[in-house]
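Student:
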Amino acid sequence: MHISTLARPVAVLAAAVLALGLARGALAAESWGLPEEKEVTFKAKVVDMLCELTGDCPASCGAGKHQLALKTADGKLVLPAKNVVPFAGTVNELIGFCGKEIFVDGLMTTSKGTTLFALQNFRTKESDPWTEASVFLADWAKANNVKPDSEKAEEWFRNDPHVQAIIAKQGKLGVKE
Amino acid sequence: MRISMPILAAVAAAMAFASPADAAPKRVKVTGEIIDTWCQVTGIMYGLGTAHHQCAVWCATGGIPVGIWGDDEKAYVLLKIDADSNTVANPKIVEIQTNRVTVDGDLYERDGVNYLVVTKVLSNEGIVNLTHKEHGIQPFGE
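Here it is, written out as structure tokens:
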């Protein structure tokens, strides 16, 4: 789907803001208006995706360097591609639960032949309160010596030193104009 | 060794009910663009080429799975490139966002996702998909 920001600016920006996690909400699956979106809550074991598929199984699910999966009781592997922090994935949320079962809450979306999961909340026991899937932001803030609720952390993607170095080198477009 | 009919039947039944997870990977050659899977798959914004390059760098740095958007219009999530299995915010992968590549690898089709273990990058043409004139800079215009 090719969406032009000029053609449908308000709707597209609103959808992007929601889907990128710029909007925080209540601690239960919240619609982001994704394709074929389903609000889901399920129990699953946190596993190393590369290990599950190939048998290449380093300690601790790759110690944060491998993409993780949520393996359900019936053996399905769910790819948790997104958390609630803008432009961030889910490894920071899940790596601490490698090999353990947790409860997750979020959105399943299917588009272009691919099914992805957006993790919004998680908890270790059904009776526990949900934890918002924003661990990435807390970790980033700590690593960069700022507060998680600071303006710098809110736009971590523009303030990250690795991002800044790459954009300085390549430009926003990746090519010289 | 003689194999009895009941055993053959049991093996056949087991094979019939084997899940895709048990299937061996397919050797494939894929040509396409290195992408941020979330934006391109969900279509929440225009997710290809120069228009989306900065966002792809953000997303790859944030640990969102990186993939290849193949010329066959399928998404392939990368789990390994050559001997490097670090696919979470790996600077080497972040730096090649939006590049057009051709790779050889093992394809695992599992529960609605194509996963690719790249054994060799055959070519890298760099960034050739110039989409910014039509789509601007995604998603904020700057």
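Chains A and B supply the protein sequences, listed in that same order. For the first sequence, the working numbering gives the first residue as 17, with consecutive numbering after it. For the second sequence, the working numbering gives the first residue as 4, with consecutive numbering after it. Even for Gly, the Cβ is constructed at its ideal location relative to N, Cα and C. It should be emphasised that the depicted structure is a prediction, and the values quoted were computed from it without experimental measurement.
(1) Taking the runs of the alpha helix (DSSP H) that are 4 residues or longer, which of them lie wholly in the segment 115–185 of chain A?
(2) Is the beta carbon of A/Glu-109 less than 8 Å from the beta carbon of A/Phe-173?
(3) According to DSSP, is A/Glu-46 helix, strand or coil?
(4) Would DSSP call A/Phe-58 helix, strand or coil?
(5) So if DSSP puts B/Trp-162 in a beta bridge, which residue, or which two residues, is it bridged to?
(6) Here's the rule I'm using: 16 or more other beta-carbon atoms within 10 Å means buried, otherwise exposed. How should B/Val-131 be labelled?
(7) For B/Val-124 versus B/Val-106, is the C-beta spacing smaller than 8 Å?
(8) Is the separation between the beta-carbon of A/Asn-99 and that of A/Ser-143 shorter than 8 Å?
(9) Is the beta carbon of A/Phe-133 closer than 8 Å to that of A/Pro-96?
(10) Helix, strand or coil for B/Asn-117, going by three-state DSSP, please let me know.
(11) Counting only Cβ pairs nearer than 9 Å, list the residues of chain A close to B/Val-104.
(12) Counting beta carbon pairs with one atom in the segment 44–54 of chain A and one in the segment 115–127 of chain A, are three or more of them shorter than 8 Å?
(13) If you count every other CB in all the chains shown that lies within 10 Å of the CB of B/Arg-30, and 16 or more means buried, which is it?
(14) Could you name the residues that DSSP lists as bridge partners for A/Leu-86?
(15) Beta-carbon separation of A/Gly-190 and B/Thr-45 under 8 Å?
(16) Please tell me whether A/Val-162 has its Cβ less than 8 Å away from any Cβ of chain B.
(17) Assign B/Lys-29 to one of three DSSP states: helix, strand, or coil.
(18) Using C-beta distances below 6 Å, list every residue in its chain close to A/Thr-57, excluding the 5 sequence neighbours before and after it, in chain order.
(19) Would A/Glu-9 be called buried (16 or more neighbouring beta carbons within 10 Å of its own) or exposed?
(20) Can you pull out the residues from the segment 172–193 of chain A whose beta carbon lies closer than 7 Å to at least one beta carbon of chain B?
(21) Does the distance between the C-beta of A/Pro-74 and the nearest non-hydrogen atom of the ligand ATP fall short of 7 Å?
(22) Thinking C-alpha only, which one of A/Ala-44, A/Val-107, A/Gly-91 is nearest B/Asp-114?
(23) Is it buried or exposed, A/Glu-193, if we count other Cβ atoms within 10 angstroms and call 16 or more buried?
(24) Residues of the segment 36–49 of chain B in Cβ contact with chain A at a cutoff of 7 Å, in chain order, please.
(25) Spell out the partners DSSP gives B/Asp-109 in its beta bridges.
(26) Can the beta-carbon of B/Ile-37 be found closer than 8 Å to that of B/Gly-50?
(27) Can you name, in chain order, every residue of its own chain whose Cβ lies under 6 Å from the Cβ of B/Gly-129, other than the five neighbours on each side?
(28) Would you report the Cα separation of B/Gln-141 and B/His-55, rounded to the nearest angstrom?
(29) What does the Cβ neighbour count give for B/Asp-87, buried or exposed, with the cut at 16 atoms within 10 Å?
(30) What whole-angstrom Cβ distance do A/Leu-69 and A/His-82 have, given they're in contact under 8 Å?
(31) Counting only the same chain and skipping the five closest in sequence on each side, list residues whose C-beta sits under 6 Å from that of B/Thr-64.
(32) Report the residues of the segment 114–140 of chain A with a CB closer than 7 Å to any CB of chain B, ordered along the chain.
Tutor: This is what the structure holds:
(1) Entirely contained in the segment 115–185 of chain A, the alpha helix (DSSP H) runs reaching 4 residues are, in chain order, 151–159, 167–170, 172–175.
(2) In this structure, A/Glu-109 sits away from A/Phe-173, with a CB-CB distance that is not shorter than 8 Å.
(3) coil
(4) strand
(5) Outside the shown range of chain B, which is 4 to 145, sits residue 162 of chain B, and nothing can be said about it.
(6) exposed
(7) Against a cut-off of 8 Å, the Cβ pair of B/Val-106 and B/Val-124 comes out as a contact.
(8) no
(9) yes
(10) Here B/Asn-117 carries a strand assignment [DSSP, helix/strand/coil].
(11) In chain order: nothing, as chain A lies at least about 14 Å away.
(12) A contact exists between the segment 115–127 of chain A and the segment 44–54 of chain A.
(13) exposed
(14) Bridge partners of A/Leu-86: A/Val-62, A/Val-94.
(15) It is not a contact, given that the beta carbons lie outside the stated cut-off.
(16) no
(17) Secondary structure at B/Lys-29: strand, using DSSP grouped into helix, strand and coil.
(18) Scanning its chain for C-beta atoms nearer than 6 Å, with the 5 sequence neighbours on each side dropped, one finds around A/Thr-57 the residues Asp-121, in chain order.
(19) Limits of chain A in this structure are 17 at one end and 193 at the other, which puts residue 9 of chain A out of reach.
(20) Result list: Phe-173, Asp-176, His-178, Val-179, Ile-182, Ile-183, Lys-188, Leu-189, Gly-190, Val-191.
(21) Here there are no bound small molecules, and the ligand ATP is not part of this structure.
(22) The residue from A/Ala-44, A/Val-107, A/Gly-91 with its alpha-carbon nearest to that of B/Asp-114 is A/Gly-91.
(23) exposed
(24) Thr-40, Trp-41, Val-44, Thr-45, Gly-46, Ile-47, Met-48, Tyr-49
(25) B/Arg-30, B/Val-120
(26) Cβ distance not < 8 Å, so B/Ile-37 and B/Gly-50 don't count as in contact.
(27) Asn-102
(28) 5 Å
(29) exposed
(30) A/Leu-69 to A/His-82, Cβ: 11 Å. No contact.
(31) Ala-92, Val-97
(32) Thr-125, Thr-126, Ser-127, Lys-128, Gly-129, Thr-130, Thr-131, Leu-132
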